[in-house]
Amino acid sequence: MSDQILTLHVGPSQLLSKLCDEIELEKTINDLVKWDSVRCHLSPGTRIKALVLNILCSGKPLYKVHEFYQTLDSEMLFDTSISPDQLNDDALGRALDYLHEAEAWKVYSTLALKALKRLNLPIGVLHNDTTSISVYGEYKQPKEDGLQITYGYSKAHRPDLKQIVLGMGVTPERIPILAKVENGNISDKSWNVEFIQKMRKILSNEDWKNLIYQADSALITTENLAEIQQQKLSFISRLPDTFGLSTELKKEAWSLNNWEMVGSLSDKKGAAIYQIQAFERQIKDLPYRFLVVHSNILDQRKEKTLNRAIEKEETKLKKEIEKLSKVPFHCKEDALEAIQAFKKKQKTSYFCYELNVQMSDQPVKRKKRGRPKKGEQTKREQVYQIQLESFKKDRDFIEKKKKKLSTFVLITNKLDEETLSNQEVLKIYKGQSAAETRFRLIKDSQMIDAIYLKTPERVEALGIVYVMALLIYGILEYRVRKELKEKNLSLILKGKRKLLQPTGQALLEQLEDITVILINQNQQKIRLLPDNIDSQAKKIIELCGYDLSIYVSKNVENQGK
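Note that the sequence shown covers residues 1 to 561 in the numbering used here.
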């Protein structure tokens, strides 16, 4: 019998599989969920791992996952030969049921903390935020206290669609530590309290003591501050403008004008330059440190809002001036009084203008009926009219307005500046992009096209599986970046891009062309790599702590990063 030779397009799947094994993804899930090891052909951990790899490599929906595995070497990925048909939507759906019954968020946190330990990363700062994920179709009614897939405030600007809300706590290295799928109509204010309470359950006393919880301004309510005080939690957030104290502190800062220059927090060209002033005040008899922060770059959304307000005022003001200029006055005094009345009525913020009075001739309206006689002259009389003399933007006022709009107030209960300086408080707050970056990724069409499930329980579990995929993605990205920095190296990736801090997406794209030649010979499998494997792909694998043998040999251990 002749040898059977297959060329398998494996891409990054094998490296990602090794990263899953390194943090014991399958074992952790199998240890924490209830399942029948006698009746189940595939463990829940294996099926969830299959979903994670599919999400990162292809993004196929549940009912098409088996297609993804038709061209892969399952024996290398799962240490056992798996038929693609075993990864059908029913089998994967049951794995989601197991995960949900075990409280998916708890399973994930156990896995994430294990990964953090493997990476030798402490829990110091967590950036916490939510995003809404729109869904289509009808869903079965949830069980009592189950996930409500319903309408709510849509951050995706799709109020016409039902949604779920995903909340995450992410380290500065972009590793999600806690994740929870919430009802579609939950508010960020109530979400923060529930999230903090769940976080307290999973973290040790030592980790809790060292934790700084960073979130956006929805965290700051008097009720939430009381809960934070009770939980003895350190936090950093932005003081909402709904607090009168925010306006008061901004005014005082600009009055004192005693700014501490921070400079830029980024190496990027044109990055914002910051300056700060620190104050101490109390809310409900509890002391807090406040930082009034000014950025030389106005937030794009605020700048658009300001420009719209300026355009709206200009259009309205010129229209009213034009109407006034058509009104005749029989004496100059009446025209001057009209100007004063106009200026009182038409309040302007962004423009300076001057009106003057000029005498002009105007036809007198004919009082007789019928057509005028031939040769009859139209009578004219002298009247006074108002004319626009000058119209320009009040640039000083607009600049002051921009300064105020580009000023915000931070709040923290970390009062000791020697432990946490003003600059460090600002730097931690600006690190919120760590969570936002992960949300952008999970909502990318390649990661999550649509949720093809009918039960809220499976939707909730699948949401956590997506976060598991983000965890593996984050480990890949962190490990490569760390090694590049320590070894002062760079990568030349597709498009001839020289990158010092490549994104996980760029790394996956560089690995996607990897192929393996599989030879079935005398009931044995021989795996070979083509000679022309990409040098940068090889470099990425090595930066992760492995070598090319992971694609051709089983039981390859991580070499210790």
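Here a beta-carbon is modelled for each residue, glycine too, at the ideal position from N, C-alpha and C.
Cβ shell of residue i (< 8 Å), same chain only, five flanking positions each side left out
i: Gln163; result: Ser132, Ile133, Ser134, Val135, Ile149, Thr150, Tyr151, Gly152, Ser154, Ala156, Gly184
i: Asp3; result: Ile519, Asn520, Gln521
i: Ser406; result: His294, Ser295, Asn296, Ile297, Leu298, Asp299, Lys302
i: Asp241; result: Thr247
i: Gln214; result: Val125, Leu126, His127, Asn128, Phe235, Ile236, Ser237, Ile428, Tyr429, Gly431, Gln432
i: Leu415; result: Glu280, Pro287, Tyr288, Arg289
i: Lys496; result: none
i: Ile533; result: Ile514, Leu548
Proximal residues to residue i (C-beta, below 7 Å), its chain only, five neighbours per side dropped
i: Asp547; result: Ile541
i: Leu6; result: Leu518
i: Lys60; result: Asn54, Glu67, Phe68
i: Arg438; result: Met168, Val170, Arg174, Pro176, Leu470
i: Val262; result: Tyr274, Gln275, Ile276, Gln423, Leu426
i: Leu336; result: Val357
i: Met199; result: Gly169, Leu178
i: Thr315; result: none
i: Thr130; result: Val165, Leu166, Gly167, Asp188, Trp191
i: Thr348; result: Glu313, Leu317
Pair within 7 Å by beta-carbon distance, residue i and residue j
i: Leu511; j: Pro142; result: no
i: His127; j: Ala434; result: yes
i: Ala104; j: Ala461; result: yes
i: Leu265; j: Lys404; result: no
i: Arg238; j: Leu410; result: yes
i: Val107; j: Leu32; result: yes
i: Ala95; j: Arg47; result: yes
i: Glu182; j: Val165; result: yes
i: Asn592; j: Gly137; result: Given that the chain is displayed from residue 1 to residue 561, the structure contains no residue 592 and the question cannot be resolved.
i: Ile236; j: Thr412; result: yes
i: Lys140; j: Thr455; result: yes
i: Ile339; j: Leu355; result: yes
Pairwise C-alpha distance: residue j and residue i
i: Cys20; j: Leu245; result: 48 Å
i: Ser81; j: Val52; result: 18 Å
i: Pro530; j: Val552; result: 11 Å
i: Ile514; j: His9; result: 6 Å
i: Gln423; j: Glu260; result: 9 Å
i: Val459; j: Gly146; result: 11 Å
i: Ile212; j: Leu426; result: 13 Å
i: Trp208; j: Gln14; result: 36 Å
i: Ala506; j: Leu116; result: 23 Å
i: Leu233; j: Ala271; result: 32 Å
i: Lys64; j: Tyr288; result: 53 Å
i: Val465; j: Glu457; result: 13 Å
i: Ser390; j: Cys331; result: 23 Å
i: Val193; j: Leu324; result: 57 Å
i: Pro502; j: Gln86; result: 36 Å
i: Gln536; j: Ile492; result: 7 Å
i: Leu225; j: Phe408; result: 19 Å
i: Ile550; j: Glu399; result: 60 Å
i: Gly93; j: Ile526; result: 34 Å
i: Glu563; j: Leu543; result: Because residue 563 is not part of the residues shown, which for the chain are 1 to 561, the question remains open.
i: Gly545; j: Lys485; result: 15 Å
i: Asn120; j: Arg479; result: 11 Å
i: Gln346; j: Thr222; result: 40 Å
i: Phe243; j: Arg481; result: 41 Å
i: Lys343; j: Pro172; result: 54 Å
Neighbourhood of residue i by C-beta, 6 Å cutoff - its chain only, sequence neighbours within 5 removed
i: Gly504; result: Tyr473, Leu476, Glu477
i: Leu508; result: Pro12
i: Ile310; result: Tyr350
i: Ser17; result: Leu77
i: Ser109; result: Leu178, Ile202
i: Trp35; result: Pro44, Tyr98
i: Leu161; result: Ser134
i: Ile321; result: Leu388
i: Gln446; result: Note that Gln446 scores a pLDDT of 46, beneath 50, so its modelled location is shaky; the value from the coordinates is reported in the next line. Cβ neighbours of Gln446 beyond the five flanking positions: Gly59.
Contact belief for residue i with residue j at Cβ below 8 Å, rounded distance in angstroms
i: Leu568; j: Leu62; result: With the chain represented from 1 up to 561, any question about residue 568 goes unanswered, as that position is not in the structure.
i: Ile23; j: Arg158; result: 34 Å between Cβ atoms; not a contact.
i: Asp79; j: Lys554; result: 7 Å
i: Gln229; j: Leu291; result: Wrong, their Cβ atoms sit about 20 Å apart, outside the cutoff.
i: Leu25; j: Lys49; result: 6 Å
Where are the alpha helix (DSSP H) runs, 4 residues long or more, that stay fully inside the segment 368-426, in chain order? 395-405
Could you name each continuous alpha helix (DSSP H) segment of 4 residues or more that falls completely within the segment 186-228, going from the start of the chain to the end? 188-202, 205-210
Can you check the segment 225-285 for any beta strand (DSSP E) of at least 3 residues that lies completely inside it and give the ranges in chain order? 234-238, 260-264, 273-283
Only counting runs of 4 or more residues, tell me where the alpha helix (DSSP H) segments fall wholly within the segment 518-561, in order along the chain. If one requires a minimum length of 4 residues, the alpha helix (DSSP H) runs lying completely within the segment 518-561 are 535-543, in chain order.
If you scan the segment 58-145 from start to end, which runs of the beta strand (DSSP E) of 3 or more residues do you find wholly inside it? 125-135
List in chain order: all unbroken alpha helix (DSSP H) runs of 4+ residues lying wholly within the segment 309-354. For the segment 309-354, whole alpha helix (DSSP H) runs of length 4 or above, ordered along the chain, are 332-345.
Whole beta strand (DSSP E) runs in the segment 471-501 with 3 or more residues, listed along the chain? With a minimum length of 3 residues, the continuous beta strand (DSSP E) runs that stay inside the segment 471-501 are 491-493, 497-499.
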